[in-house]
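Quick note, the working numbering runs 953 ahead of the 1-based positions in the sequence shown.
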Amino acid sequence: MHRSDLVAFCDDVLASSGSPDYAPNGLQVEGRERIAHIVTGVTACQELIDVAIDLRADAILVHHGFFWKNEPAPIVGMKYRRIAALIKHDINLIAYHLPLDRQPEFGNNAALADQLGLTERRLFGAQELAVAGTLPDSCTVDDLTARLTEVLGRPPLVVGPTNRPLRQIGLCTGGAQDYIGDAAALGLDAYISGEISERTTHVAREEGIVYFAAGHHATERDGVRLLGDRIASQFDVRVTFVDIDNPV
Ligand SMILES: [Zn+2]
């Protein structure tokens, strides 16, 4: 397929135009025009780029691309090596950040909400990015810990009151721990995100809400993987999801 058709499809299915973000969404580094093989992954780190080169991929599609707000602009060091490798091998880098978190059918937040069986979903928090919903049954902190361990392949770090029953849950994947205050204000029993800050523990304890730090990487694999599945089902291209492990 042509690169511009791939980007147009992603822009459309992710409704990416115009939403404020911390990095540009869409084509970030230009490579060859014809695309037959796409490598997908969470982050455009050097290891993912090296795998894409080995697989002779034409494009890399990720959740965490380049050119973040407030990062140093000069293309030197690690940033140079990554961009140089892409350009040398004529590989496109395509990235979608918040649009891939919020896509309501298969985005990172929807995918995690599906795995937990959340119903009566509603959005909350800054930019209406986080999802609140109701678990199928009331459960214990241990039950939800076990479920998250099962679906994400790693145990969460849990802080806050550990003896309260859980039914109303909020979640936002990645580094969205600071939505915990919004989740507490809604009266939710628990809030799940990827990362945790020192302050998060105190908010959880003092607001009486259980917080699950389930892993930034672990909670953000599904959106880009499912986007890749959609692309492969609609176009004549091969899509390979590559999981570069990250314990955070
Ligand atoms: Zn993220």
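We put the beta carbon where it would ideally sit given N, CA and C, even for glycine.
Query                                                                                                                 : Result
Pairwise C-alpha distance: L1001 and G1113                                                                            : 36 Å
Check: G1168 C-beta below 7 Å from any heavy atom of ligand 1                                                         : no
Alpha carbon of V966 to alpha carbon of L1076, nearest angstrom                                                       : 19 Å
Span of the alpha helix (DSSP H) around T1126                                                                         : Premise fails: T1126 is in no alpha helix (DSSP H) and is neither H nor E.
Per DSSP, cross-strand counterpart(s) of L980                                                                         : I1047
Endpoints, beta strand (DSSP E) assigned at V1004                                                                     : Not the beta strand (DSSP E): V1004 falls in the alpha helix (DSSP H), residues 999-1007.
Close-in-space but distant-in-sequence residues of the same chain around R1120 (CB under 7 Å, 5 per side omitted)     : T1087, L1088, S1091, D1142
Same chain, Cβ closer than 8 Å to A1048, neighbours up to 5 away in sequence not counted                              : A976, P977, N978, G979, Q981, A997, L1014, V1015, H1016, H1017, G1018, F1019
Endpoints, the alpha helix (DSSP H) within which Y1033 is located                                                     : 1030-1041
Rounded separation between A1079 and D958 - CA only                                                                   : 31 Å
Closest Cα partner of D1189 within the set D1196, P1200, G1181                                                        : G1181
Residue range of the unbroken alpha helix (DSSP H) whose run includes H1170                                           : 1169-1172
CB contact flag (H1169, G1128, <8 Å)                                                                                  : yes
Residues of its chain near V960, where Cβ-Cβ distance is below 8 Å and the 5 sequence neighbours each way are ignored : G979, L980, I1047
Which residues DSSP lists as bridging I1145, in chain order                                                           : L1124, F1165
Alpha-carbon to alpha-carbon, Y1033 and L1071                                                                         : 43 Å
Given S972 as reference, the closest of L1053, I1145, V1084, N1199 once Cα atoms are compared                         : L1053
Distance, L1110 Cα to R1152 Cα                                                                                        : 14 Å
Any non-hydrogen atom of ligand 1 closer than 7 Å to E986 Cβ                                                          : no
C-alpha distance - I1162 paired with R1009, whole-angstrom precision                                                  : 47 Å
Contact test: G1127 Cβ vs ligand 1 heavy atom, cutoff 7 Å                                                             : yes
Boundaries (first-last residue) of the beta strand (DSSP E) holding H1017                                             : 1012-1017
Cα-Cα separation between L1105 and P1025, rounded to whole angstroms                                                  : 33 Å
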